[in-house]
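Taking the numbering used here, the leading residue of the sequence shown gets 48, the next gets one more, and so forth.
Beta carbons: idealized from backbone N, C-alpha and C, even for Gly.
Since we're looking at a predicted model, the values are computed, not measured.
Encoded as structure tokens, the structure appears first; notes follow it.
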Amino acid sequence: MIKIAVLVSGNGSNLQALIDANLSGQIVGVISNKPAAYALERAAHANIATAVIEHKNFPDREAFDDVMHQQLLDWEADLVVLAGFMRILSAKFVKAWEGKMINIHPSLLPNYKGMHTHQRVLNTGDLWHGCTVHYVTAELDAGQALAQGVLKVSHHDNVESLADRVHQLEHLIFPQVVEWICNQTIQVTSEGVHYKNQILKGPIQFCHI
């Protein structure tokens, strides 16, 4: 059984979606860099181990990541899931978990890497928006995309409504991708990322009008 560790910084709604999904893998631990993160309560209610590792207590990013890395090893994690984890990870840490760490980003990557994606979509007048589950690499929001939730932007939408609609999509596609990794529907081999034993050439898309 795949052992999953989840990294969080805030409310933890995506963590809750993973907990509720009854994955074939096991969530063995949740790490937060913020002790007040509500995600920790969600984990505790589900009897999942937690660890608070406050980044401000470390002299630099690498020292923080080293302690986090050791905690993941202690839990014998096979897959690391970033669910609203608001820290840039060091290249050393990313390299250690390459092909074993995924993130969800609130845009249709490669469009709108970084922050404030909903406002940027509205500013540009894009017709389509959504979220992307991708492998994590040293370059921000640039790892291979595994799946995307796609929605049509309405002329009634504002930043808050778009954020809410994208969140709903995240809660659908994130658990699905994690389950695909758990049951080996998605696999990483020396040839690349495979989906159902075929090379994955582009993200699997889920549409939600």
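Residues that DSSP places opposite residue i in a beta bridge
| i | result |
| --- | --- |
| Ser79 | Val55, Val99 |
| Val141 | Note: Val141 sits in no beta bridge, so no partner. |
| Leu129 | Leu54, Asn150 |
| Gln63 | DSSP output for Gln63 lists no bridge partner at all. |
| Ile74 | Ile51 |
Nearest-angstrom Cα separation, counted from residue j out to residue i
| i | j | result |
| --- | --- | --- |
| Ala90 | Trp122 | 15 Å |
| Phe132 | His102 | 12 Å |
| Leu62 | Glu217 | 11 Å |
| His176 | Ala189 | 17 Å |
| Lys199 | Asp211 | 13 Å |
| Ile251 | Val197 | 10 Å |
| Leu155 | Ile95 | 31 Å |
| Gln118 | Val168 | 37 Å |
| Trp144 | Asn150 | 12 Å |
| Leu219 | Val213 | 10 Å |
| Asn104 | His152 | 27 Å |
| Asp113 | Ile51 | 18 Å |
| Cys178 | Pro157 | 11 Å |
| Ser79 | Arg108 | 15 Å |
| Ala93 | Pro82 | 18 Å |
| Pro106 | Ser56 | 19 Å |
| Ser237 | Gly249 | 18 Å |
| Arg134 | Ala110 | 13 Å |
| His163 | Gln223 | 25 Å |
| His165 | Ile233 | 29 Å |
| Val235 | His241 | 6 Å |
Of the residues the options, the one placed nearest residue i, counting alpha carbons only
| i | options | result |
| --- | --- | --- |
| Glu186 | Val127, Asn58, Lys160, Glu109 | Lys160 |
| Tyr182 | Ala192, Gly131, Ala130, Leu174 | Ala192 |
| Ala84 | Phe221, Gly239, Pro222, Gly59 | Gly59 |
| His255 | Gln234, Gln195, Ile233 | Gln195 |
| Val77 | Leu120, Asp107, Gln223, His152 | Leu120 |
| Phe221 | Val180, Ile49, Gln234, Leu155 | Val180 |
| Gln215 | Phe253, Thr232, Pro157 | Phe253 |
| Leu54 | Pro157, Ala93, Ile100 | Ile100 |
| Ile74 | Lys81, Thr236, Met48 | Met48 |
| Ser71 | Glu238, Val235, Gln231, His163 | Gln231 |
| Gly239 | His152, Lys147, Met162 | Lys147 |
| Ala98 | Asp107, Glu109, Ala110, Met115 | Met115 |
| Lys142 | Thr184, Thr164, Val235 | Thr184 |
Beta carbon proximity, residue i to chain D, threshold 7 Å
| i | result |
| --- | --- |
| Asn205 | Among the chains of the structure shown, chain D does not appear; only one protein chain is present. |
Cβ contact (3+ pairs, closer than 8 Å) linking the stretch 233 to 245 and the stretch 198 to 215: Contact between the stretch 233 to 245 and the stretch 198 to 215 is absent, with fewer than three C-beta pairs closer than 8 Å.
Every unbroken alpha helix (DSSP H) within the stretch 174 to 254, with a cutoff of 4 residues, ordered by chain: Taking only runs of at least 4 residues, the alpha helix (DSSP H) segments lying wholly in the stretch 174 to 254 are 206 to 229.
Contact the stretch 133 to 145 vs the stretch 219 to 234: 3+ CB pairs below 8 Å: no
At least 3 beta-carbon pairs within less than 8 Å: the stretch 60 to 75 vs the stretch 87 to 105: The stretch 60 to 75 vs the stretch 87 to 105: in contact.
Stretch-stretch touch, CB-based, cutoff 8 Å, three pairs: the stretch 162 to 172 with the stretch 124 to 134: no
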